[in-house]
Structure formats: structure tokens, C-alpha cells
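Heads up: the structure comes next, in C-alpha cells.
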């Protein structure tokens, strides 16, 4: 089942499966990757209750071991559409017997999509339904369609800063880092940047970046309050993923204790975490 919202400028379509955005159109132009499985069969999955990969795909809570796949399970589950208006829709995922076997915490996860003029807001709400603290990570993975030649595009970061990113090794965040070279906050895109998989920025000063097409503003992604960011594509794929995150893959030194995981969020009992990012068509 799919849900579509619209306003006078944009139309967005979301699947109940994973509450995944799969289309964002301005008139007849599509800005979200089509999901061709020859490259990557997804569009904009939600990453919860972890971001990235666990060391050996396992973690512990109270010395009991659990398994979770890369990026968690929410992207593979059916959400319920709870409210809808012409320009907004809210989807909900409740913990159940299946999730409790993988992640021993009761929760509700809400995704709220709202169109405002030329912008799509994507808001996350995580509700801790336990009488104890709940550790989690959450993140976005929207793939922006790039219909032109890949090297016609560039990324302009909001602030002038040293763009130090961590290198992935065996899907884990290593201690090795590199600096992304910029010219006036601008990073020209080329596939060689991603020969070692995603660029993982544990911290950034910039709260947004703009994708430029032939030096003209194309799309802006605003991720204020998200501490970390991933940027990723695949060789010859006509898309770029701009991924605001709370958390990231384990490091090789990780103890496995989820409460002590680097980048993890800890939500108090009966409390609600909220955050949002947006995609603006320029």
C-alpha cells in the first residue's frame, strides 16, 4: 500500500512497507532514486534501532546477546498509516513479539512526512514505552536521483570547515580518517570518492549541504541537530545518498554493550525523542 501527499509545488509518495519515501516530484521531474536493483533496490530507508553495522552483527544488553542486521529492522517492517491530510502523513511502527526477540525494548516509531512549499519535512519520533532507559540510533538514507553525468554534480557544505571523515573497514568505522578536499566549501563528485564505501562524518559543523548540477543549486538537504552524516553511492549509479544520522557503525574496539556503543542515544523511560530533516527542491 502506498500513500501520496501533495501541495501546489510537490508530490511525495511513501510506502507502508518501511514507511519509505519512494517518490518526490516537482511537476513531472523525479528527485528520488527509482530503486533499480541492478544498483541498489531501495529509495530512502529508515535506519532503526541501529545505524550501520554491529561488530559480528551482535550486541548485548544486561549481558544477554542479540543479533541485528545492518541498519536494523524498521526498514523491512510494515508501518501503519495513522493520520493523513492533503500535505502530510504519519506512519507508526509498534514493537511486537518479533522485534522484542531482536531488540528487548518496547517502543513506538513514528515517521511524519509534511510538504511545505518546495520542501519535504521528514520527522522522527521515538517513544520509549519501557520503565527503563532505552538505547537506540536512528538515521535517514535518502537517495537523490542524479539524471545527468555524475561529474556534473558537486556538494556545497553550509560552512567552511575541515571535512574529516572516517574510513570503513569490513563495514565497521575504523580509526583511519581522511580529509575531503574542498574549494570554497565545494566538493566535486566523482565515483573514486566512494571506492572504499560511504564517507562517514562523525561530526560536522555544517547543518546542511546543497547538491549543485552544473554549478546551479539542485537540491538542499538540511539536517540541523543531526550530529553525524553519511554520503554514499555505488560505482556508476545515478544517485547520491545524503544520510543524516544519530549514530553509526561499530568500531573494531566496541565492547558489544549497546548502552556503551559509540554514538548511541539513551532515551529515558516514558520519554519521546524527536528530530527532523528536510529536502528542499531548488
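In this note's numbering, the protein residues as written are 597 to 878.
Here a beta-carbon is modelled for each residue, glycine too, at the ideal position from N, C-alpha and C.
What are the boundary residues of the beta strand (DSSP E) that includes residue 711? 703-712 is the extent of the beta strand (DSSP E) around residue 711.
Count the other CB atoms, across all protein chains shown, that sit within 10 Å of the CB of residue 757; report buried if there are 16 or more and exposed otherwise. Around the beta carbon of residue 757, a 10 Å sphere encloses fewer than 16 other beta carbons of the protein chains shown; the residue is thus reported as exposed.
Around the C-beta of residue 868, are 16 or more other C-beta atoms found within 10 angstroms, so that it is buried, or is it exposed? In this structure residue 868 is exposed. Its beta-carbon is surrounded by fewer than 16 other beta-carbon atoms within 10 angstroms.
Those runs of the beta strand (DSSP E) which lie wholly inside the region 639-685 and span at least 3 residues: Whole beta strand (DSSP E) segments, 3+ residues: 654-657, 660-663 and 676-680.
Residue interval of the beta strand (DSSP E) (run including residue 773): Per DSSP, residue 773 belongs to the beta strand (DSSP E) from 768-776.
Please report the distance separating the alpha-carbon of residue 837 from that of residue 755. One C-alpha to the other measures close to 20 Å.
With a threshold of 8 Å, are at least 3 pairs of Cβ atoms found where one atom belongs to the region 621-628 and the other to the region 817-827? Segments in contact, no.
Taking the alpha carbon of residue 687 as the point to measure from, which residue in 675, 791, 795 and 876 has its own alpha carbon closest? The residue with the shortest Cα to Cα distance from residue 687 is 675.
Write down every uninterrupted run of the beta strand (DSSP E) in the region 790-851 whose length is 3 residues or greater and which is fully enclosed by it, in chain order. Contiguous beta strand (DSSP E) elements confined to the region 790-851 occur at 795-797, 804-809, 812-818, 824-828 and 835-842, taking only those with 3 or more residues.
With H, G and I counted as helix, E and B as strand and the rest as coil, what does DSSP make of residue 618? Three-state result, residue 618: strand.
Counting C-beta neighbours from all protein chains within 10 Å, is the total for residue 749 16 or more, i.e. buried, or is it exposed? Buried: at least 16 other Cβ atoms inside 10 Å.
Residue burial classification, residue 859 (beta-carbon count within 10 angstroms, cutoff 16): Burial call: buried.
Could you check which residue in 873, 798, 741 and 782 has the C-alpha nearest to that of residue 638? The option with the nearest alpha carbon to residue 638 is 741.
Could you spell out where the alpha helix (DSSP H) holding residue 741 opens and where it closes? Per DSSP, residue 741 is not a residue of any alpha helix (DSSP H); the beta strand (DSSP E) it occupies stretches across 739-741.
Cβ-based neighbour list, residue 875, same chain, cut-off 6 Å, excluding 5 preceding and 5 following: Counting only residues of its own chain and dropping the five nearest sequence neighbours on each side, residue 875 has a CB closer than 6 Å to the CB of 716 and 817.
Leaving out the 5 sequence neighbours to the left and right, which residues in its chain are closer than 7 Å to residue 774 when beta-carbon positions are compared? Taking residue 774 as the centre and dropping the five residues before and after it, the same chain places the C-beta of 761 and 763 closer than 7 Å to its C-beta, in chain order.
Whole-angstrom C-beta distance between residue 636 and residue 794, which should lie under 8 Å: The pair is not a contact, with the Cβ atoms about 12 Å apart (cut-off 8 Å).
Which residues mark the beginning and the end of the beta strand (DSSP E) in which residue 868 is found? Residue 868 -> beta strand (DSSP E) spans 868-877.
With which residues is residue 604 paired in a DSSP beta bridge? According to DSSP, residue 604 bridges with nothing at all.
Return the residue from the list 765, 815 and 798 that minimises the CA-CA distance to residue 791. Checked all of 765, 815 and 798; the closest Cα to residue 791 is 765.
Can you list, in chain order, the residues of its chain with a C-beta nearer than 7 Å to that of residue 808? Leave out the 5 residues immediately preceding and following it. Once the five neighbours on either side are set aside, the close Cβ partners of residue 808 are 749, 750, 752 and 814.
Nearest to residue 736 (by Cα), restricted to the options 597, 843 and 609: Measuring from the Cα of residue 736, the nearest candidate turns out to be 843.
Can you list, in chain order, the residues of its chain whose CB lies under 7 Å from that of residue 703, leaving out five sequence neighbours each side? In chain order, 691, 722, 723, 724, 725 and 730 place their CB closer than 7 Å to the CB of residue 703, counting only its own chain and leaving out the 5 sequence neighbours on each side.
Cβ pair residue 664, residue 655 closer than 9 Å: Contact flag set, yes.
Could you check where the beta strand (DSSP E) with residue 861 kicks off and where it finishes? Run containing residue 861: 861-863, per the beta strand (DSSP E) assignment.
Under a three-way DSSP split, which group does residue 624 fall into? Coil at residue 624, not helix or strand.
Reference residue 847, options 855, 863, 709 and 767, closest by Cα: Answer by Cα proximity: 767.
Skipping 5 residues on each side, what residues in its chain have a beta carbon closer than 8 Å to that of residue 616? For residue 616, same chain residues with a beta-carbon under 8 Å away, outside a window of 5 residues either side, are 610, 638, 639, 640, 641, 642 and 671 in chain order.
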